[in-house]
Amino acid sequence: MTLVGDLESTGPVAILLDVDGTLISTGGAGARSWRWAFDTLYAVPADIGAFSESGMTDPDVARGTFRGALGRDPTERELARVLAAYLQRLPHEVATSEGYTVLPGAEHLIRRLSERGCLVGVVTGALEAAAHIKLTRADLNRFFAFGGYGSDSSDRAELTRRAIERAGAILGRRIDAADVYVVGDTPNDIAAARAVGAVSVGVASGHYGVDDLRRAGPDVVLHSLEDPMPGLEWASARPG
Ligand SMILES: [Mg+2]
């Protein structure tokens with residue numbers, strides 16, 4: 029690591045980044061893993077796209093897809109088995125996914141922020157294990173000391189709050205949400221960031237365009253993580 033100055037005291041204390049559509053695209057590895065889980069356990073075809081939307085948490089995706097494919101709610105044990113089967117398949121699907129990509133500017137941004145003393149965390153609807161399986165192929169796990177996950181809560185605002193608490197646990201003090209940037213590619217991500225009082229940053233690198241994201245009322249909208257982020261222009265691949 030090169031010797032550089034610390035982040036100015038006015039910069040965010042922490043930045044939280046969503047995984048799918050924000051840092052990486054798995055090229056459908058998640059959807060194929062869900063399909064494998066339902067096919068293996070219940071011999072039913074399950075298209076999560078028909079029963080869920082992007083930005084939903086994994087437990088909700090599992091519940092909704094179970095309901096859609098089998099016509100009833102899963103029991104707790106059935107839900108646990110579906111999640112386990114999904115996780116069992118995910119490493120294979122990620123490793124062999126032809127469409128897997130690290131999204132433009134992602135690694136540059138998190139590397140620069142880490143070097144300058146900004147805590148970098150994950151905020152995702154994915155189960156904790158699933159998030160890190162997805163990041164393994166890109167070798168990005170080493171940048172993330174903490175996070176908030178779909179396994180913490182089905183509610184995205186609540187799991188975002190948990191991530192901010194965990195950033196505070198590292199520093200040994202309570203962090204004000206207004207000192208945290210939350211970056212995501214869906215209106216759900218923006219709504220969660222706003223609900224907790226964080227600085228919300230929408231990035232149009234997933235399924236939603238700039239105008240779709242703007243309607244959710246974020247503080248900032250970017251085309252990609254290469255774009256300069258207000259207050260953190262120096263960290264972006266294209267500082268502007
Ligand atoms: Mg996403």
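In terms of the numbering used here, the sequence shown opens at residue 29 and continues consecutively. By construction, the Cβ of each residue, glycine as well, lies at the ideal position given by its N, Cα and C atoms.
- Within the DSSP secondary-structure output, PHE172 pairs in no beta bridge.
- Taking one beta carbon from each stretch, the region 190–201 and the region 140–156 have 3 or more pairs nearer than 8 Å; the two touch.
- The C-beta separation of ALA59 from GLY77 comes to about 7 Å, placing the pair in contact by the 8 Å criterion.
- Per DSSP, LEU98 is one residue of the alpha helix (DSSP H) stretching across 86–98.
- Taking the Cα positions, ALA223 is about 11 Å away from ALA206.
- The DSSP-derived three-state label of VAL122 is helix.
- Remark: C-beta atoms of VAL248 and PRO258 approach each other more closely than 8 Å.
- Here VAL47 is actually not in contact with ALA166; their C-beta atoms are around 10 Å apart, not less than 8 Å.
- According to the DSSP secondary-structure assignment, SER181 is paired through a beta bridge with no residue.
- Secondary structure at ILE192: helix, using DSSP grouped into helix, strand and coil.
- Judged by DSSP in its simplified three-state form, THR103 adopts coil rather than helix or strand.
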